[in-house]
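Asker: Numbering (mature numbering (1 follows the signal peptide of the UniProt record, and there is no 0)), first residue to last: -20 to -1, 1 to 774. Backbone N, C-alpha and C define an ideal beta-carbon position, used for all residues, glycine too. Just passing along the structure, written as structure tokens.
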Amino acid sequence: MCLKQIFSVLFFSLSNLSGATLWYEQPANRWEEALPLGNGRLGAMVFGGVEKERLQLNEESLWAGCPVETYPEGFKENLQTLQEMVLAGNASEAVEFGVANMTKRPTSFRSYEPLADLELEFLHDGPVGDYHRDLDLMDGVATVAYTVDGVRFRREVLISAVDDLIAIHLSADRAGAINFKVGLTRAKDMVVKATGAELQMDGQIIDIAKEDGGAEENSGGSGPAGAHMKFAGQLVAKTVGGTVRPEGDRLFIENADKVLLFFTAATDYSVQRMDFDRAIDPRSVVERILQSVGEKRWEGLKAAHLEEHREVMDRVILDIGGSEWANIATDKRLVAMKEGQSDPALIADFFQFGRYLLMSSSRRPGRLPPNLQGIWNDKMWAPWESDYHLNINLQMNYWPADVTNLSETVDSLVDWFEPLTKRGKYPADILYGADGWLSYHATNVFGRVTGSGSNEGSQFNNGFLDPLAGAWMAMTLWRHYEFTQDVNFLETKAYPILKGAAEFLIDYLYEDEEGQLVIVPSASPENKFIDPKTDKAIRVTRGSTYHNTIVQVVFEAVIEASEKLDLDAALRSELTAALKKLPPLKIGGNGTIQEWIEDYEEAQPKHRHVSHLLGLHPFATIREHDKAMFEAAAKTLERRGFGGDVGWSNAWKTNFYARLQNAPQAHFYVNRLLQKNAMPNLLTGHNGRSLFQIDASFAGTAGIAEMLLQSHAGEIHLLPALPDAWPTGSATGLKARGGFVVDIEWQDGKLTEVVVYSQAGQPCVVRYGNDRIVLDLAEGEKSNVAAPLADAGS
Ligand code: FUC
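Have a look at this one:
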């Protein structure tokens, strides 16, 4: 066995012990090959170069721009005209009217921006051998190791949530062998100063005026000019042996035995204000963080990080079967999978990677939810500004939060969402004359609540036609309550937001001639239908299935919550009465669920959005007992197919098919997601494998959980969509609604072990196949219910 083989075997056994590791035999050449680290606030993509190491850095709040809202003049009156046009059947005319009269520039906002690049330039001399780099997901440590001229070099990188900084530890097996220069760079708006053993970076985003986005020099989209967000960072080098000295704006480290680099950064953004706040001095924040680290050494810092990180990751361990390919590098396994190789262990890694990405982009010390790219972005003008999209994308980001036992990740969402909903009261009143709050489909750290889009057409069609996007997002808080049964959270956080959403909806609903309550104008993201009157492909209608479903689930949640909290009896009866007047879900002529209130022909039958199946997933208004609807939902999915292989859409279909208990199709889509959308670093692309977008990782992870455990229908359903390709395995620590943690094991496709642990003392029904048992556990009690269920399961 050659050295390389011994190394891979050794590595294989080590990686198996730790649970989930992504590893490679060469450095990253492209961003899509680099490995992400994050502590909820700071992010880094580690390239692992030998001559040059690059850490592409992010800070969650660093955005170009400033708070901007757009209120088209005469909106309220124009809305009435538009409603009349839609109700009179003149929908095509209504689109033209809306785009011309109900939009306003700047239609879009600027972008989330990268923080800086941290570059290490090594002075190696000689050929490189035995290269290896990895990211241990359970530890949250990226490691790079290689040999030059007989010296083994090792570099470990982590981002500690405990100490709120990036730590890089460099070592070598020969004394005095470490020589490199380290610098911080950014395309614009930053100065760097080197003094002693420190680098200081100070930044101020300067935005150039331009009404429309598009020009390179105006990266970040449209909006007013100005000196906007401020930021600062600091790097400290500590060496064992050797020397450190400034050289220009870099540090030069010579002949060291070991080196520890600390880096942290901050901005003057305040989430409470949803704006930058000049009372915050980012330099003082950075200094405070570094002072509290004090003289900590690598070993202590790493130990504290591992303890914190592992506690979160170890809550769920997933084994869906081994793979004879497990001693092959991750990128090579992915290639084999694309060529048709079955690799359940890679799917399990993808699952843990999704959990890892969520905890790394949505936990303290962070205060913001993951945006379209989590916190990882290298572009001054990111696709879709790397914003918060509320017509599927941010919702998806939280699908795995509770079921995969990362409930605290919801805190960062609430930090940002609560002030957003407060802002949303003004447009609800001014634009719609309604109570409550609203938010349209695209928003940002500045809490944009008025409609936005890349141009007027998009601002109207994606934005102003969907003031219910925020209400959909609010249901994430309801689900969090369903899982945790945290009544305090319900009362203080979720209920006020949900109630405000319901108040807006009840005011905005329109009673049509048939006595039905509908949203007018309405649309279904982001598909068009052929207007029978004009043959034009348009979006505007009344009462889309998407909107009807959102209204229904929000009203039901508020009714249940208000009962639980014994509040708002009058509102409750109003909502209860309104529920009876919502249009029913319909099956169209081709046997699929109707996307619109009329049986229109879709402009794009293979469209990536499947918003008319919201009731199948993430909600549960389309249920198994309604066989006709279940069948129509299946037909709907068949007709949609995999369309253009958009990452998040493939991931959603895994969830849909899991809900339909169709294991082969759920398995097909999770495989397809990896085959068509996963990049070498296992992040996922929007268009096939290009344009990184993080939602598919989160939705894919949730989909894998849904295949093993579901709890949306008043029972804990075990192995509802277990595919033949995962005949034997186990999952520990998945959560179910009602405050349960569940461990399961199965062999040869049959359930063998089940332990249900109750965190909230609620009764539950546990189901396997068509067999059910009722459990009534006290809070903190656990029960092994394998025996009554294991023989069952049809
Ligand atoms: C929605 C989707 C797009 C994209 C964007 C960020 O508008 O339709 O595919 O994911 O969000």
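For Lys561, which of helix, strand or coil comes out of DSSP?
Answerer: coil
Asker: Near Gly595, which residues of its chain fall below 7 Å by C-beta distance, leaving aside the five closest residues on each side in sequence?
Answerer: Thr529, Leu565, Thr601 and Ile602
Asker: Is Glu733 helix, strand or coil when you go by DSSP?
Answerer: The three-state reading of DSSP puts Glu733 in strand, counting E and B together.
Asker: Among the residues of its own chain, which have a CB less than 7 Å from the CB of Gly571, if the five just before and after it don't count?
Answerer: Ala612 and Lys615
Asker: Runs of 3 residues minimum, wholly inside the stretch 187 to 253: which ones carry the beta strand (DSSP E) assignment?
Answerer: Whole beta strand (DSSP E) segments, 3+ residues: 206 to 220, 223 to 227, 230 to 236 and 238 to 247.
Asker: Going by alpha carbons, who is nearest to Lys656 out of Ala451, Asp675 and Gly627?
Answerer: The residue with the shortest Cα to Cα distance from Lys656 is Gly627.
Asker: Taking all protein chains shown into account, decide if Asn750 is buried (16 or more other Cβ within 10 angstroms of its Cβ) or exposed.
Answerer: exposed
Asker: Please state the DSSP three-state secondary structure of Trp363.
Answerer: This sequence places Pro at residue 363; Trp is not what is there. Correct three-state label for Pro363: helix.
Asker: Below 6 Å CB to CB, which residues in the same chain sit around Gly437 once its five sequence neighbours on both sides are set aside?
Answerer: Around Gly437: Val79.
Asker: Does DSSP put Val75 in a helix, a strand or coil?
Answerer: helix
Asker: Is it buried or exposed for Ala207, if we count other Cβ within 10 angstroms and need 16 for buried?
Answerer: So Ala207 ends up on the exposed side.
Asker: So if DSSP puts residue 785 in a beta bridge, which residue, or which two residues, is it bridged to?
Answerer: Given a span of -20 to 774 for the chain in the structure shown, any question on residue 785 remains unanswerable.
Asker: Where does Ala24 sit, in a helix, a strand or coil, going by DSSP?
Answerer: strand
Asker: Taking the beta strand (DSSP E) that Thr1 falls in, what are its first and last residues?
Answerer: Thr1 to Tyr4
Asker: Just to check, is the beta-carbon of His369 closer than 6 Å to a non-hydrogen atom of the ligand FUC?
Answerer: yes
Asker: Bridge partners for Val626 per DSSP, in chain order?
Answerer: Asn667
Asker: My assumption, with CB atoms under 8 Å, is that Val131 sits in contact with Ala147. Please give the rounded CB distance.
Answerer: About 22 Å; that fails the 8 Å criterion.
Asker: Three or more beta-carbon pairs under 8 Å between the stretch 527 to 544 and the stretch 478 to 491, yes or no?
Answerer: Yes: at least three Cβ pairs fall under 8 Å.
Asker: CB Phe463 to CB Lys730, shorter than 7 Å?
Answerer: no
Asker: Please report the straight-line C-alpha distance between Val251 and Lys210, rounded to a whole angstrom.
Answerer: Cα to Cα, the separation comes out at about 14 Å.
Asker: Leaving aside the five residues before and after Ser542 along the sequence, list all residues of the same chain whose C-beta is less than 8 Å from its C-beta, in chain order.
Answerer: Tyr475, Lys479, Asp548, Ala549, Leu551 and Arg552
Asker: Please list the segments of the beta strand (DSSP E) lying wholly inside the stretch 297 to 337, counting only runs of 3 or more residues, in order along the chain.
Answerer: Correct list: 297 to 299.
Asker: Output the residue ranges of the alpha helix (DSSP H) runs that lie fully inside the stretch 665 to 733 and measure 4 residues or longer, sorted by chain position.
Answerer: 675 to 688
Asker: Would you kindly check if the distance between the Cβ of Gly28 and the Cβ of Arg154 is under 7 Å?
Answerer: no
Asker: Which of the three DSSP states, helix, strand or coil, is assigned to Ala658?
Answerer: The answer is strand: DSSP assigns Ala658 an E or B state.
Asker: If you draw a straight line from the alpha carbon of Gly203 to that of Glu93, how long is it in whole angstroms?
Answerer: 15 Å
Asker: Any beta-carbon of chain D closer than 7 Å to the one on Thr50?
Answerer: This model lacks chain D altogether, as it is built from one protein chain only.
Asker: Excluding five sequence neighbours on each side, which residues of the same chain lie with their C-beta closer than 7 Å to the C-beta of Asp119?
Answerer: Ser(-3), Leu286, His289 and Arg290
Asker: Take Val224 and list the residues in its own chain whose beta-carbon comes closer than 6 Å to its own, dropping the five residues that flank it on each side.
Answerer: Ala177, Ala217, Leu231 and Ile233
Asker: Rounded to a whole number of angstroms, what is the C-alpha to C-alpha distance between Gly760 and Ala189?
Answerer: 58 Å
Asker: Leaving out five residues on either side along the sequence, give the residues of the same chain with a beta carbon under 8 Å from the beta carbon of Val108.
Answerer: Val30, Tyr126, Thr127 and Val128
Asker: Go through its chain and collect everything with a Cβ distance to Val26's Cβ below 7 Å, but skip five positions before and after it.
Answerer: Counting only Cβ-Cβ distances below 7 Å, and skipping sequence neighbours, we find Ala14, Leu15, Leu17, Leu35, Ala122 and Val137.
Asker: Can we count Asn630 as close to the ligand MG, meaning its CB is less than 6 Å from some heavy atom?
Answerer: Among the ligands present in this structure, namely the ligand FUC, the ligand MG is not found.
Asker: Confirm, please, whether the CB-CB distance from Glu554 to Ala245 is below 7 Å.
Answerer: no
Asker: Hey, could you find the ends of the alpha helix (DSSP H) Ser264 is sitting in?
Answerer: Pro262 to Val273
Asker: Apart from the five residues on each side of it in sequence, which residues of its chain come closer than 8 Å, Cβ to Cβ, to Gln496?
Answerer: Gly523, Lys561, Leu562 and Pro563
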